[in-house]
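Heads up, the thing below is written out as structure tokens.
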Amino acid sequence: MIRVQNVRKSFYQGKLESKVLKGVNIDIKKGEFVAIMGPSGSGKSTLLQLLGGLDVPDDGTIKIDQQTIEKMKEKERTIFRRRNIGFVFQNYQLLHNLSVEENIAFPLHADGKLNQEGRQRISEMIEAVGLVGFEKNRVSLLSGGQQQRVAIARALVNEPRVLLADEPTGNLDRAKAEEILALMVSFHRKHTQTIVMVTHDIFAAGFADRIILFKDGGIERVISRKEDDYAEYLANFMA
Ligand SMILES: Nc1ncnc2c1ncn2[C@@H]1O[C@H](COP(=O)(O)OP(=O)(O)OP(=O)(O)O)[C@@H](O)[C@H]1O
Ligand SMILES: [Mg+2]
Numbered sequence: 001m002i003r004v005q006n007v008r009k010s011f012y013q014g015k016l017e018s019k020v021l022k023g024v025n026i027d028i029k030k031g032e033f034v035a036i037m038g039p040s041g042s043g044k045s046t047l048l049q050l051l052g053g054l055d056v057p058d059d060g061t062i063k064i065d066q067q068t069i070e071k072m073k074e075k076e077r078t079i080f081r082r083r084n085i086g087f088v089f090q091n092y093q094l095l096h097n098l099s100v101e102e103n104i105a106f107p108l109h110a111d112g113k114l115n116q117e118g119r120q121r122i123s124e125m126i127e128a129v130g131l132v133g134f135e136k137n138r139v140s141l142l143s144g145g146q147q148q149r150v151a152i153a154r155a156l157v158n159e160p161r162v163l164l165a166d167e168p169t170g171n172l173d174r175a176k177a178e179e180i181l182a183l184m185v186s187f188h189r190k191h192t193q194t195i196v197m198v199t200h201d202i203f204a205a206g207f208a209d210r211i212i213l214f215k216d217g218g219i220e221r222v223i224s225r226k227e228d229d230y231a232e233y234l235a236n237f238m239a
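Quick note on numbering: full-length UniProt numbering labels position 27 of the sequence shown as 27, and the sequence is numbered without any gaps.
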């Protein structure tokens, strides 16, 4: 589903180059749930942005479902993103002044799909994330956990093939984090989306099939729960 080959990305401050991704290779299967962990500044969010077509690599190639992201024109990439990729961020990134319903409707609206079927989808999503009765509430007045549930509903309302989540539980306490993870896992099981989730939390990463350990712009190791040294290695890596 996702193939990343030799991807490089640098940012510049004047002439000073900072190499953020230094030749990354990843293959993620359809329906797989992958976590990415690694130190601050190691390039995790940068990679996620490239996977979602929010930016393009300097070198190398990214394919999502056989389609090459960096070959698309910007307009094409926007449409591809809207139809195929759902995003969830640590700080929710909702439209503060709009209601729960209006936020979830947004991707459908942008894609001209706010018809009867679309409206039906919105109510299904509101129910699935446990926000029935909050439809007309302004999102800025909701709790963090509730806001993240709105964000998940918005990310998934278009039934994207891929869900990209950048520290989706980073602002939540353990109980709320568990709720959000359970929600992601239940959608994942039901609709077999491919999920890539960046997290600092070993507990959150434990929900994933595989964990990609990132360090200094490259992959240090890919590890799965089945491996004997899983818990110990992870704890050491994150220490
Ligand atoms: N748009 C940008 N312009 C300039 N530098 C950037 C940009 N985006 C990221 N960087 C730099 O690239 C490096 C990697 O950033 P990135 O956000 O990918 O790290 P991260 O692994 O997600 O870190 P964290 O765990 O703190 O979120 C950092 O040094 C950051 O300052
Ligand atoms: Mg980040």
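Think of the CB as a built atom: it goes at the ideal place given N, C-alpha and C, for glycine as much as any other residue.
Quick caveat: nothing in here was measured; it's all calculated off a predicted structure.
- Beyond the five residues adjoining it in sequence on each side, R3 comes within less than 7 Å, by CB distance, of D27, K63 in the same chain, given in chain order.
- For the pair of segments examined, the segment 204-220 was found to touch the segment 26-45: the number of CB pairs separated by less than 8 Å reaches three.
- With a cutoff of 7 Å, S45 counts as near ligand 2, since its C-beta is closer than that to a heavy atom of the ligand.
- Assignment of S40 by DSSP, reduced to helix, strand and coil, places it in the coil class.
- Judged by the Cβ position, G218 fails to qualify as a neighbour of ligand 1 at the 7 Å threshold, every heavy atom of the ligand being at least this far.
- For E17, there is no enclosing alpha helix (DSSP H); the residue is part of the beta strand (DSSP E) that begins and ends at 16-28.
- For I64, the pairing in a beta bridge is given by DSSP as I2, Q67.
- Ranked by Cα distance from S143, the options L172, L95, V20, E102 are led by L172.
- Taking C-beta atoms as the reference points, M1 and T194 count as a pair closer than 8 Å.
- The beta-carbon separation of P168 and N84, rounded to 19 Å, does not stay under the 8 Å limit for a contact.
- Between the alpha carbons of M238 and G53 lies a gap of roughly 28 Å.
- At the C-beta level, L114 and A128 stay beyond 8 Å of one another.
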